[in-house]
Structure formats: structure tokens, C-alpha cells
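S.K.: Numbering (this note's numbering), first residue to last: 3 to 292.
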Amino acid sequence: FLGIGGDRLVLCGRVAANAKEENIKGWWGAINDAFEHADVSGDKRAIRSNGMEIVRFGPDPQVLGAGAAIVNAVSPLPSWASVEATAEAYARYASPSQLGEDVVTPAASPLIRTQGLGRFRRGDLIHRLLQILPDLAVAERASAAGRILARERDLTEDQRAEMISAALGVLEDSRFAEVFGPGSRAEVSVAGTASRLPAGLAISGRIDRLVVLPDRVLVADFKTNRPSPQRIEDADPAYLRQMAIYAAVLADIFEGRQIEAALVWTDGPKLMAVPEKLLAETLAELHREG
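#1: Out of GLN244, ALA18, LEU11, GLU180, point me to the one whose CA is closest to PRO63's CA.
#2: With three or more beta-carbon pairs closer than 8 Å as the criterion, would you say the segment 139 to 157 touches the segment 178 to 187?
#3: Thinking THR226 and ILE128 are a contact (beta carbons under 8 Å), I'd like their distance in whole angstroms, please.
#4: Can you tell me whether ASP210 is buried or exposed? The criterion is at least 16 other CB atoms within 10 Å of its CB, across all chains shown.
#5: Could you tell me the distance, in whole angstroms, from the CA atom of GLU291 to the CA atom of ILE247?
#6: Name the residue from ARG198, ARG50, LEU281, SER84 whose alpha carbon lies nearest to the alpha carbon of LEU265.
#7: Using only CA atoms, which one of VAL251, GLN232, ASP254, ASP223 lies nearest to ALA240?
#8: Whole angstroms is fine: what's the gap from VAL57's alpha carbon to ILE49's?
#9: Report buried or exposed for GLN244, applying the criterion of at least 16 other Cβ atoms within 10 angstroms of its Cβ.
#10: Report the option in PHE256, SER230, LEU13 whose CA atom is closest to the CA atom of VAL213.
#11: For ALA275, I'd like the list of residues in its chain whose CB is within less than 8 Å of its CB, leaving aside the five on either flank, ordered along the chain.
#12: With a CB to CB cut of under 6 Å and the five nearest residues on each side skipped, what residues in its chain are close to ARG162?
#13: Taking only the alpha-carbon atoms, compute the straight-line gap between ALA139 and LEU157 and give it to the nearest angstrom.
#14: Compute the distance between the beta-carbons of ARG143 and LEU132, then report whether it is under 8 Å.
#15: Drop a sphere of 10 angstroms on the beta-carbon of ARG123, count the other beta-carbons inside from all chains shown, and report buried for 16 or more, exposed for fewer.
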């Protein structure tokens, strides 16, 4: 228990009845040691108060005499207390991948697990492989991927083989070495707003792969669409908004470092850098949409 008044500090704790004073640590030991220091004025003594024996450190608190008058003082309210607060706009939270009226994410069918793989299920499983496998030795990745997908008992062997091939094709490609190299991080949560985003917009999302270097930051997102586009300009506008928002938030977090954004397509596989000009144009469109 800790109680703070205008002229005293009251501490109360529980100590075993047979505990020796020199063995008591925590708040008691800290206070005891402080008042025994040569540079600290005030003494330590046992007194009785309200029927209890207590230990008091330092001087006794000031006590008013029997004839002392009690004066009720009323302080005037400060001027700001009567001023109505300015209304503030509430932040509009959104997932970077779901911004834009043209983005429609249909609900997954409950029959997906028995009737077929489905677009979203395949993507989720490949994402899982790309999240886990980079931390394993190269020689262990294929067998580990097999064990991971073996838990999905409704998959066919051909489906498992195709997804393992897609994931390993990305990991074994030298163009992606930096994305999956030492110091890279998977599934990095990011939330908040940024100076380059429209006012009132706050985002909450998860970056598939993040690499923080002394002079630059690389943010990459995995895409499993088939077929993948041939040019970054032909990518889904929702993907470009997603990367532009991530880049804007990271630019505030890692001020002074170059922010590089890229899409990693498992179909190919391909690594597509998103040029700064395209990121800027996408952000400008977000501002126009409000």
C-alpha cells in the first residue's frame, strides 16, 4: 500500500513475523538504507499511532494547535476551464490492403477445404512457408515445407508440390537474397499515421518482409496471383496503395533513410520494385480521395 499526502508518505507492506529487519528487501530495505546514509537528515524511530506500532523516518509532521482556525480557501477557476474544447476529428483506421472503393474481398467459401484449394487458401499457405522457411538452413527447407503442408490433410500431393515449388523458387532466387537475408524480419506489425498520409487516416497492417539497413529500408509484400503482371504499373491498384502507405509510415519511423518498396510474385517468381514516382502518384490519389 502506498499513500501520499501533503506532508507525509505512508507505506505499508506485509512481512513475515519471524523476518529479521536486515533481511527485509524491497521498499523497506530501500528506505531503511536511505535514512541510514550519512548525507540524509532525519532519524528513524518506532512510535505508536492509532493503536499500532509504526516506524517513522524523518521529522514529525506539523500539527495545528487546538485553537488554530481552519480557513476554507476557494481558488477561482482558470480561464481555460470555461472555454469549450475544439472538436477533433476521429482517426479513420484502415488496413492498407483494403483501402479504395474498387477493392472487394469476397468471403472464403466454407466448402474450400473439401472442394478445392481456392485462391486465398493457396496464398495463405505460401505466405506461411515464406514466413517460416527463411529462418531454416537451406538443406532443411524442402523437408520442413513438406511437414508444414502435411498438416493440411485435404490437399493433394500435386497441390503440396506446387506450393513448395513456388515458395522455394522465391527463396532460392538470388534476386531475393536481401529480402530474406540476415537481419530481415517477417510479419512485422505496423500501426498509426504518418505526415504523408491524408489527415485523419490511421492504418493497421502487417508487412510480409522488412529489412532495415543503415542507409535504407526495404519493405516487401508477397503476392500469389496467377498469372502475375509483367509490369509494376499493371499491378492491382490496391497493392500499390498498400505499398505507398507502408512506405509513408516507414519514412516517418526511419527518418533520413531511403525507403524502397517491392512486390514479390511467387508466379515467376518475380521481384518488382515500386518506383518512388509511382509511390508518390499513388499517395497523391489517396489525398484526392480524402
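Glycine is no exception: its CB is placed at the ideal position from the N, C-alpha and C atoms.
Remember, it's a predicted structure, so these values are computed and weren't measured experimentally.
M.R.: So, from the listed chains and residues:
#1: Nearest to PRO63 by alpha-carbon distance, out of GLN244, ALA18, LEU11, GLU180, is LEU11.
#2: The count of Cβ pairs closer than 8 Å, one atom from the segment 139 to 157 and one from the segment 178 to 187, stays below three, leaving the stretches out of contact.
#3: Taking a contact as a CB-CB distance under 8 Å, the pair THR226 and ILE128 counts as one, their CB atoms being some 5 Å apart.
#4: Result: buried.
#5: Their Cα atoms are separated by approximately 14 Å.
#6: Comparing Cα positions, the closest option is LEU281.
#7: Looking only at VAL251, GLN232, ASP254, ASP223, the smallest Cα-Cα distance to ALA240 is reached by ASP223.
#8: If you draw a straight line from the Cα of VAL57 to the Cα of ILE49, it is about 6 Å long.
#9: By the neighbour-count rule (16 or more Cβ atoms within 10 Å), GLN244 is buried.
#10: When C-alpha distances from VAL213 are compared across PHE256, SER230, LEU13, the shortest belongs to PHE256.
#11: Only ILE234, GLU262, ALA263, ALA264 meet the Cβ criterion.
#12: Hits under 6 Å: LEU151.
#13: So the alpha carbons of these two residues sit roughly 26 Å apart.
#14: Contact flag unset, no.
#15: The residue is buried, with at least 16 neighbouring Cβ atoms inside 10 Å.
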